[in-house]
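Encoded as structure tokens, the structure appears first; notes follow it.
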Ligand SMILES: Nc1nc2c(ncn2[C@@H]2O[C@H](COP(=O)(O)OP(=O)(O)OP(=O)(O)O)[C@@H](O)[C@H]2O)c(=O)[nH]1
Ligand SMILES: Nc1nc2c(ncn2[C@@H]2O[C@H](COP(=O)(O)OP(=O)(O)OP(=O)(O)O)[C@@H](O)[C@H]2O)c(=O)[nH]1
Ligand SMILES: [Mg+2]
Ligand SMILES: [Mg+2]
Ligand SMILES: [Zn+2]
Ligand SMILES: [Zn+2]
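Chains as they are written, first to last, in this note's numbering: chain L, 1 to 205; chain U, 1001 to 1205.
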């Protein structure tokens, strides 16, 4: 469809620019409140924030960009208003403002939405899907497109597992049915469990 | 915009039909995995399912309609494919298939999405927003449109409160800033806490 074709063209330009400058770019997607911002802030506390930047996407408020900036990292907040996803044009403009340096890492936190961001390539090097264990093991099958092009599925909030009926094996099996190459990673952004494996994965990309 | 105007015209036709037959119609909206289906199944176990029907919306699968049918209630599953919300045309067709009886209750479970369903009137008599306490107290401000026209905000999964840093007062204050008339209701769909107040609210509509 025309909107998507236009978006993909701009995404390709973004990708060319970013990979040309060796900028590792992650598109973090998840439902509202799965822990994207918490995971990012905890991650930034463990990295050199001089070599990181964040593009934050939300309908309203700059709460998330404010939380990111508390770590010392640069952040740009995009407010989409009624819009339900970031698109490549928004990212192109944000890159123009941020001017990320060679060899840096650019995190993009997409609007909390398990549906629409799947259709909009931003020019990222990797898509990371975050599923909170509180959401249930059937979500990869019910919202397949977002897991279909994710390289990594972070299962967050594992500290709550003792209080839930979450079927971890079923969840991973469901995700692999949609995307055999997806790699699951168990994490608690609040307790720190699993953070080292996530940092290792980042470092290897 | 043209798509919305078209939708609203069909929604008005739906509303005329449903209210004309005294059919109480609830549009349940929330993020993926906040507990819409669990709440509905627990609710249906406490109601006379002969006088209830459910329209289920999901990108893929009929898991939710199957779960509803286990209670004895009639359910229709709509799969939206890439679509991120139910619209009035889909509801009109579903009503045509269900033919809900006079004085019955029609539950609509929208696609898990805190953004897009806000823009699409379905012809419901009431919009019910469900926020899981695991999602965080800032969500009403970050996703304002969905709370702006909800009559009721069900705060679900309160059984998990002892293990979370959820600021209940802040959440309610945030919701009332967006919509001074919204009524908060604390519920756990799994333990049953708060279910009587929810049934009372339903009975009074
Ligand atoms: N128990 C627990 N809570 C968590 C964890 N990670 C995040 N949270 C909580 O989950 C809530 C939502 O976290 P956020 O980081 O705002 O989630 P988000 O995905 O950025 O939300 P949006 O940007 O609005 O879509 C907050 O109350 C966090 O404290 C975790 O690992 N365990
Ligand atoms: N602890 C707890 N878990 C709950 C509660 N309600 C639902 N859940 C769990 O939350 C998960 C998701 O529940 P669903 O009913 O599928 O949520 P949903 O909103 O219908 O999800 P979608 O239709 O996919 O958007 C399941 O594992 C449920 O068991 C609750 O009150 N407390
Ligand atoms: Mg966030
Ligand atoms: Mg459901
Ligand atoms: Zn969308
Ligand atoms: Zn939409």
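Glycine included, each C-beta is placed from N, C-alpha and C at the ideal position.
Reducing DSSP to helix, strand and coil, say where residue i ends up.
{"i": "residue 1052 of chain U", "result": "strand"}
{"i": "residue 164 of chain L", "result": "coil"}
{"i": "residue 1047 of chain U", "result": "coil"}
{"i": "residue 1 of chain L", "result": "coil"}
{"i": "residue 1132 of chain U", "result": "strand"}
{"i": "residue 102 of chain L", "result": "coil"}
{"i": "residue 1086 of chain U", "result": "coil"}
{"i": "residue 1184 of chain U", "result": "strand"}
{"i": "residue 155 of chain L", "result": "strand"}
{"i": "residue 64 of chain L", "result": "helix"}
{"i": "residue 147 of chain L", "result": "helix"}
{"i": "residue 174 of chain L", "result": "helix"}
{"i": "residue 1202 of chain U", "result": "helix"}
{"i": "residue 1071 of chain U", "result": "coil"}
{"i": "residue 1179 of chain U", "result": "coil"}
{"i": "residue 190 of chain L", "result": "coil"}
{"i": "residue 1008 of chain U", "result": "helix"}
Based on DSSP bridge pairs, tell me the residues matched to residue i.
{"i": "residue 1109 of chain U", "result": "U:1028 and U:1056"}
{"i": "residue 195 of chain L", "result": "According to DSSP, which records beta bridges pairwise, residue 195 of chain L is partnered with nothing at all."}
{"i": "residue 127 of chain L", "result": "L:27"}
{"i": "residue 18 of chain L", "result": "Residue 18 of chain L pairs with nothing; no bridge assigned."}
{"i": "residue 142 of chain L", "result": "Beta-bridge pairing links residue 142 of chain L to no other residue."}
{"i": "residue 76 of chain L", "result": "L:55"}
Taking Cβ to Cβ, would you say residue i is nearer than 8 angstroms to residue j?
{"i": "residue 261 of chain L", "j": "residue 91 of chain L", "result": "Residue coverage of chain L in this structure runs from 1 to 205, which leaves residue 261 of chain L outside it and unanswerable."}
{"i": "residue 1154 of chain U", "j": "residue 1185 of chain U", "result": "yes"}
{"i": "residue 58 of chain L", "j": "residue 1142 of chain U", "result": "yes"}
{"i": "residue 1027 of chain U", "j": "residue 1127 of chain U", "result": "yes"}
{"i": "residue 44 of chain L", "j": "residue 76 of chain L", "result": "no"}
{"i": "residue 148 of chain L", "j": "residue 178 of chain L", "result": "yes"}
{"i": "residue 140 of chain L", "j": "residue 116 of chain L", "result": "no"}
{"i": "residue 1106 of chain U", "j": "residue 1150 of chain U", "result": "no"}
{"i": "residue 94 of chain L", "j": "residue 29 of chain L", "result": "no"}
{"i": "residue 167 of chain L", "j": "residue 191 of chain L", "result": "no"}
{"i": "residue 1102 of chain U", "j": "residue 1021 of chain U", "result": "yes"}
The region 1124 to 1136 of chain U / the region 1080 to 1090 of chain U touching (three or more Cβ pairs under 8 angstroms): no
message: If contact is defined by three or more beta carbon pairs under 8 angstroms, each pair taking one atom from either stretch, is the region 1032 to 1039 of chain U in contact with the region 1005 to 1016 of chain U?
response: no
Closer than 6 angstroms to ligand 5: residues, by C-beta to nearest heavy atom, in chain order: L:84, L:85, L:116, U:1084 and U:1116
- request: Give me every residue whose Cβ sits closer than 5 angstroms to any heavy atom of ligand 3, in chain order.
  value: L:36, L:37 and L:64
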